[in-house]
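Structure, as structure tokens:
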Amino acid sequence: MEALIVFCRNPGRCKKDRHSLNVKTLFHWYSRVQSIVSTNSFHVRSSYVWVSADSVAAMSHKTCLELILIPLLAIAFLHYAAAEVPCSPSVFKCVNTGECIQRSQFCDNTTDCKDRSDEYFCALHEDEFVEEIHQLKKGKSDSPTDKLSQLRPFLDEDCPLSVGGKLANANIPYRVNHPYIFPKTHCMTSLRVRYYHTKYLHEGIKLLNSTIKLTYWIIGVRSVIRITVKDCVTCARFPTELSNQIMDDLLSLGVNPGSAFLKSDTDFCEPLLITPRCESGMKPLKMYVCVFVCFTTKAIHLELVSDLSS
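Those letters in the sequence shown? Residues 181 to 490, by the working numbering.
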């Protein structure tokens with residue numbers, strides 16, 4: 181099985197269309213690929229579409245599409261046996277983006293999605309954080325002119341610029357401890373925020389912010405999320421409505437005047453270990469605290485209790 185990866189090398193330009201590639205165009209290609217998948221009866225598992233070698237012979241076209249959602253700029257993987265049966269031309273119409281990688285470069289292997297994502301991150305950081313990366317390579321990580329000095333950035337093994345922080349000894353995943361740094365005004369940043377906003381069912385600003393920070397540290401993330409939620413058609417058509425519940429009537433014990441602690445309730449807190457000072461060498465004694473709460477004045481009275489016996 182030969183392999184061909186087709187994706188737009190320059191997301192802002194292509195031979196067919198000189199306009200910027202927006203999310204609507206990407207989802208149009210995604211729907212076209214889905215129609216091809218349904219007609220060929222491919223087996224779907226999570227975000228990938230694959231087919232075994234035994235079932236390839238039973239197909240009319242020896243084609244296997246593997247949808248890539250991360251990164252969104254990658255359109256599709258096309259696996260096929262070009263030497264035996266050529267692919268249908270309709271397969272290439274849905275991914276005709278112009279500047280594509282030639283087939284000969286990927287004839288004997290497939291490219292992993294994570295490796296391709298790291299390459300995008302490296303290219304993004306080399307464009308947006310040129311001065312910061314240059315200072316880090318010189319060993320000047322604490323430069324006062326560095327706008328990322330508070331994040332203590334460092335160059336990760338995977339090449340992208342990551343957050344240093346102060347949680348090196350914490351028992352948490354590596355990428356949660358050292359998330360990727362993303363600029364505020366970049367097309368990749370808006371695509372990532374839109375992807376997580378759609379994936380987690382149009383969650384709010386705070387929840388989306390905490391979800392993104394598990395992998396990425398976006399500079400000015402709250403303003404980016406606000407713009408994304410504001411431009412979302414689904415969130416605009418179905419806005420979140422908070423339920424306003426009517427409070428029930430208060431109890432008569434708390435609204436009628438009376439003496440303090442005339443109507444009260446009691447509770448006990450957890451036991452406390454107390455060591456007497458009168459005699460040395462004694463073991464700590466277990467004591468309890470009884471709490472009296474007045475319903476009328478909300479006053480509190482504390483009493484020390486030696487045991488819970490009657």
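C-beta: ideal position from N, C-alpha, C; glycine also. Predicted, not measured: the structure shown is a model, and the values here were computed from it.
Taking a contact as a CB-CB distance under 8 Å, the pair HIS358 and VAL343 counts as one, their CB atoms being some 6 Å apart. A contact is defined here as three or more CB-CB pairs under 8 Å, and the segment 433 to 443 meets this definition with respect to the segment 475 to 485. For LYS410, the three-state secondary structure derived from DSSP is helix. In the displayed model, LEU488 falls within coil according to three-state DSSP, outside both helix and strand. Using a Cβ distance threshold of 8 Å, PHE301 and PRO333 do not count as a contacting pair.
Burial is judged here by how many other beta carbons sit within 10 angstroms of a residue's own beta carbon; TYR380 has fewer than 16 and is exposed.
When the beta-carbon positions are compared, PRO451 and LYS466 come within less than 8 Å of each other. Following the DSSP letters along the chain, one finds LEU316 inside the alpha helix (DSSP H) bounded by residues 310 to 317. Assignment of HIS377 by DSSP, reduced to helix, strand and coil, places it in the helix class. A buried status is given to TYR396, since no fewer than 16 other beta-carbon atoms sit within 10 Å of its beta-carbon. Between the segment 346 to 354 and the segment 402 to 411 there are fewer than three C-beta pairs closer than 8 Å, too few to call the two in contact. Relative to LEU453, the option among TYR468, GLY461, THR446, ASP447 whose CA is nearest is TYR468.
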